[in-house]
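Our numbering numbers the first residue of the sequence shown as 574 and each following residue consecutively.
In this text, a Cβ means the ideal position worked out from N, Cα and C, and glycines have one as well.
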Amino acid sequence: MFRNAMIVVTLLVAGAGSAYAADAAHGAAIFKRCAMCHTDAKGAGNGLGPNLFGVVGHEAATHPGFTYSGALKKSHLIWTPANLDKWLTRPAQLVPGTKMMFAGLPNAADRADVIAFLASQK
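Structure representation (structure tokens):
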């Protein structure tokens, strides 16, 4: 699954007109901004946002113990690399009514790196 996610991330970024290969280590560094609200450790609790360990490939709004917005619950999104890219670009545009107060990551390479990092969390 990780290999497939990495291929999709690479194709996603390449499809945006770049020859960039996603870098999970750089994504981990960028994720530190997200760590203000989210945890990423297996078995760790939620923060202001849900724990994101193992999020890639899972349905949105299903992590136990977190209270999600009705909008995200009704979205039935699967956190594929493509959907994560849309989410990280501008969460409120993908799911109007979300509680996520993050404006988004404008840089496609940064988004791909964060997605590669999240995909490595298995």
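Taking three-plus beta-carbon pairs below 8 angstroms as touching, is the segment 645-665 in contact with the segment 626-634?
yes
Name the DSSP beta bridge partners of I651, please?
For the purposes of this step, residue 651 is taken as the residue at position 78 of the sequence shown. Its beta-bridge partners are E632.
Using a Cβ-Cβ cut-off of 7 angstroms (strictly less than) and excluding sequence neighbours within five positions of A644, which residues of its own chain qualify?
Taking the first residue of the sequence shown as 1, we reach residue 644 at position 71. Within the same chain, A644 has close Cβ partners V668, P669, G670, T671.
Inspect the beta-carbon positions of C607 and G620 and report whether they are closer than 7 angstroms.
Here residue 607 refers to the residue found at position 34 when the sequence shown is read from its first residue. Here residue 620 refers to the residue found at position 47 when the sequence shown is read from its first residue. Their beta carbons are not under 7 angstroms apart, which means C607 does not touch G620 by this criterion.
Along the alpha helix (DSSP H) that carries D694, what are the first and last residues, could you check?
Numbered from 1 along the sequence shown, position 121 holds the residue referred to as residue 694. For the sequence presented, residue 694 should be read as Gln rather than Asp. Premise fails: Q694 is in no alpha helix (DSSP H) and is neither H nor E.
Are the Cβ atoms of D613 and Q666 separated by less than 7 angstroms?
Position 40 of the sequence shown, counted from the start, is the residue given in the question as residue 613. Position 93 of the sequence shown, counted from the start, is the residue given in the question as residue 666. No, the pair does not count as a contact, with Cβ atoms beyond the cut-off.
How many Å lie between G638 and L657 at the Cα?
In the sequence shown, counting from the first residue as 1, residue 638 sits at position 65. In the sequence shown, counting from the first residue as 1, residue 657 sits at position 84. Answer to the nearest angstrom: the Cα atoms are 21 angstroms apart.
On the three-state DSSP scale, how would you describe A676?
Translated into positions along the sequence shown, residue 676 becomes position 103. Three-state DSSP puts A676 in coil, outside helix and strand.
Less than 7 angstroms between the beta carbons of V535 and A692, yes or no?
With the chain running from 574 to 695 in the structure shown, residue 535 is simply not present.
Once the 5 residues before and after R684 are set aside, which same chain residues still bring their CB inside 7 angstroms of it?
For the purposes of this step, residue 684 is taken as the residue at position 111 of the sequence shown. Within the same chain, R684 has close Cβ partners D658, L661, T662, L678.
Looking at the structure shown, is L625 part of a helix, part of a strand, or coil, going by DSSP?
In the sequence shown, counting from the first residue as 1, residue 625 sits at position 52. L625 falls in the coil class under three-state DSSP.
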